[in-house]
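Okay, structure first, notes after.
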Amino acid sequence: MNVDTVLEPELSTVAHQRRADRDLELLEALRLHDPTAAERLVVTYGERAYRLATRITGNEQDAEEVVQDAFWTVVRKIDMFRGESAFGSWLYRIVANAAYQKLRGRQSRSRDLSLDEVLPSFDANGRHVGPMDDWSARVDDQSVQTELRMALTSAINELPPVARAVLVLRDVEGLSNLEIADALGLSLPVVKSRVHRARLFLRKQLGDAMTTADATTATPGDS
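Heads up, the sequence shown is in my numbering, so the first residue is 18 and it goes up one at a time.
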């Protein structure tokens with residue numbers, strides 16, 4: 018995910034169609050138990066599954082184990098895929114469930130951040146009560162790119178696991194809200210709400226990072 022995605026997220030229809038076409042061949046290979054099917058599965062979805070697993074678990078080693086378990090499940094249970102949803106959505110659901118199970122298996126972990134604790138206040142009509150800083154005009158400023166990338170990564174990691182999963186599937190993998198709902202077993206309104214709130218949280222965190230960067234670079238004589 019990059020900063021531009023937070024500002025102007027969009028879905029690439031062409032890329033989505035190409036992925037769907039490729040999945041038909043992959044699905045056939047898996048069902049026929051083609052010797053190369055497992056390798057093709059890793060090549061096609063390995064990085065995407067790893068990104069999702071990493072965002073949910075927050076741990077690279079756990080994510081690797083999650084992806085291995087999930088892909089093995091896909092290979093073993095491919096006959097259970099009925100085509101009622103996209104193959105990718107079905108696979109993402111398996112990955113997400115394995116990642117959530119890994120989280121539950123931890124003996125102790127830090128409390129998940131509640132977005133209500135950090136998001137701006139809203140009125141009864143869903144409008145912001147207070148203004149949010151508009152720093153979008155500076156997104157191409159090379160002098161702040163490093164700070165923005167670090168702040169973006171940190172902000173994503175602070176999101177609750179489900180919010181991280183929704184955001185990654187929407188803004189990184191390019192799934193539609195409906196596909197995300199199917200993949201994660203959530204209702205469509207819940208997906209829309211969590212995507213919107215997660216993006217607001219990222220904008221707020223990036224805005225805070227910009228404010229901090231400006232204060233750090235300001236000279237004593239500027240005040």
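Idealized CB from N, CA, C, for every residue including glycine.
All values derive from a computational prediction rather than experimental measurement.
Asked                                                                                                                                                   : Found
Taking the alpha carbon of residue 175 as the reference point, which residue from 71, 46 and 51 has its own alpha carbon closest?                       : 71
Looking only at C-alpha atoms, which of 79, 108, 67 and 201 sits nearest to residue 47?                                                                 : 108
Pull up the distance between the alpha-carbon of residue 130 and that of residue 42, whole angstroms please.                                            : For residue 130, the pLDDT reaches just 47, beneath the cut-off of 50, and the residue's location in the model is therefore unreliable, leaving the point undetermined.
Express the C-alpha separation of residue 225 and residue 98 in angstroms, rounding to a whole number.                                                  : 45 Å
What three-state label does DSSP hand residue 137 in the structure shown?                                                                               : Per-residue confidence for residue 137 stands at a pLDDT of 48, beneath the threshold of 50, marking its modelled position as unreliable; the derived number appears in the next sentence. Looking at residue 137 - three-state DSSP - the assignment turns out to be coil, as it is neither helix nor strand.
Could you check which residue in 62, 114 and 90 has the C-alpha nearest to that of residue 74?                                                          : 114
Assuming residue 69 contacts residue 186 (C-beta within less than 8 Å), just tell me the rounded distance between them.                                 : 7 Å
Classify residue 211 as buried or exposed, calling it buried when 16 or more other Cβ atoms lie within 10 Å of its own Cβ.                              : buried
Provide the residue span of the alpha helix (DSSP H) that contains residue 120, from first to last.                                                     : 104-121
My output table needs one value for residue 96: the three-state DSSP class, helix, strand or coil.                                                      : helix
Please determine if the segment 90-105 and the segment 49-58 are in contact, where contact requires at least 3 C-beta pairs separated by less than 8 Å. : yes
For residue 87, which of 102, 76, 66 and 106 has the nearest alpha-carbon?                                                                              : 66
For a test of the three-state rule: what should DSSP assign to residue 171, helix, strand or coil?                                                      : helix
Just how far apart, CA to CA, sit residue 85 and residue 163?                                                                                           : 32 Å
What residue does the alpha helix (DSSP H) around residue 63 start on, and which one ends it?                                                           : 54-74
For residue 124, is the classification buried or exposed, using 16 other Cβ atoms within 10 angstroms of its Cβ as the cut-off for buried?              : Residue placement at residue 124 cannot be trusted, given a pLDDT of 44 that sits under 50; what the coordinates show is reported in the next sentence. The residue is exposed, with fewer than 16 neighbouring Cβ atoms inside 10 Å.
Could you give the C-beta distance for residue 168 and residue 223, rounded to a whole number, given that I count them as a contact under 8 Å?          : 5 Å
Beta carbon of residue 173, beta carbon of residue 183: below 9 Å?                                                                                      : no
Along the chain, where does the alpha helix (DSSP H) containing residue 187 start, and where does it finish?                                            : Premise fails: residue 187 is in no alpha helix (DSSP H) and is neither H nor E.
Rounding to the nearest angstrom, what Cα-Cα distance links residue 44 and residue 81 in this structure?                                                : 23 Å
Buried or exposed, going by whether 16 or more other CB atoms sit within 10 Å of the CB of residue 171?                                                 : exposed
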